[in-house]
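Quick note, the sequence shown lines up with residues 844 to 1036 if you use our numbering.
All C-beta atoms, glycine included, are put in the ideal place defined by N, C-alpha and C.
See structure below.
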Amino acid sequence: MPTRDLTQTAVRPSEATITCRGERFRRYLPADDIQERVEEMGRQISRAYADTVPILISVLNGAFMFTADLMRAIDTSCEVDFIKLSSYGDEKVSSGQVHELKSVDANLKGRDVVVVEDIVDTGLSMQFMLERLSAHDPASLRVATLLHKPEASEPDLTLDYVGFEIPDLFVIGYGLDYGQLARNVPDIYILDS
Ligand code: 5GP
844 MPTRDLTQTA VRPSEATITC RGERFRRYLP ADDIQERVEE MGRQISRAYA DTVPILISVL
904 NGAFMFTADL MRAIDTSCEV DFIKLSSYGD EKVSSGQVHE LKSVDANLKG RDVVVVEDIV
964 DTGLSMQFML ERLSAHDPAS LRVATLLHKP EASEPDLTLD YVGFEIPDLF VIGYGLDYGQ
1024 LARNVPDIYI LDS
């Protein structure tokens, strides 16, 4: 079967390999495995915040899909708000420059805050965000990330809830894009190096 090219066709493939913007990717985390892990994370967060109403701060755009599934897997009351940082643009490597494009609307003072991120790569964005959010004086501040690249990441960063640790390779799908494409692919694909 030919490798489907997302740049050419708008599809929701579940093939072993796909291409996107001329690069070849192989399926790495099937949708069912992602859902199973997200549900476990939801149960863990529900237990940890049983006596309070946490506010999830979802990091746009990549974390929107993870946030929606994680929230549905949390069976105690919780709220959501959104933050947006500058990111990779249309590239596969980080510029190392982070700035805030959209700040949170909610008042976070005294709140239990959980940052919900799609992926922690170098950790620069997360460090920047935690500094920003700390300034709001929350009662607690934790991080839930679906993916973590430990080989690339700042060693000092504390990640409270991690879905999957992955190699230091570019991934797409389940909210994660390459030049804005592939966010709607239900599985996560990794660069086929
Ligand atoms: P960091 O600051 O940790 O290096 O990168 C954070 C942001 O870069 C993530 O929120 C995500 O938007 C983007 N990013 C990092 N690694 C990847 C990757 O492998 N694939 C995609 N699509 N985005 C990534």
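- For residue 891, the three-state secondary structure derived from DSSP is helix.
- With fewer than 16 other Cβ atoms from the protein chains shown falling within 10 Å of its own Cβ, residue 896 counts as exposed.
- With a contact defined as Cβ atoms closer than 8 Å, residue 1005 and residue 991 qualify at about 5 Å.
- Here the C-alpha atom of residue 889 lies approximately 15 Å from the C-alpha atom of residue 879.
- With fewer than 16 other Cβ atoms from the protein chains shown falling within 10 Å of its own Cβ, residue 883 counts as exposed.
- Relative to the Cα of residue 1032, the nearest Cα in the group 862, 961, 868 and 864 belongs to 868.
- When secondary structure is reduced to three states using DSSP, residue 1022 falls in the coil class, being assigned neither helix nor strand.
- Straight-line measurement puts the Cα of residue 1010 at about 7 Å from the Cα of residue 994.
- DSSP places residue 917 in the coil class of the three-state scheme, outside both helix and strand.
- Beta-carbon to beta-carbon, residue 948 and residue 924 are separated by about 6 Å, close enough to satisfy the 8 Å threshold.
- Counting along the chain, the unbroken beta strand (DSSP E) around residue 944 starts and ends at 943 to 945.
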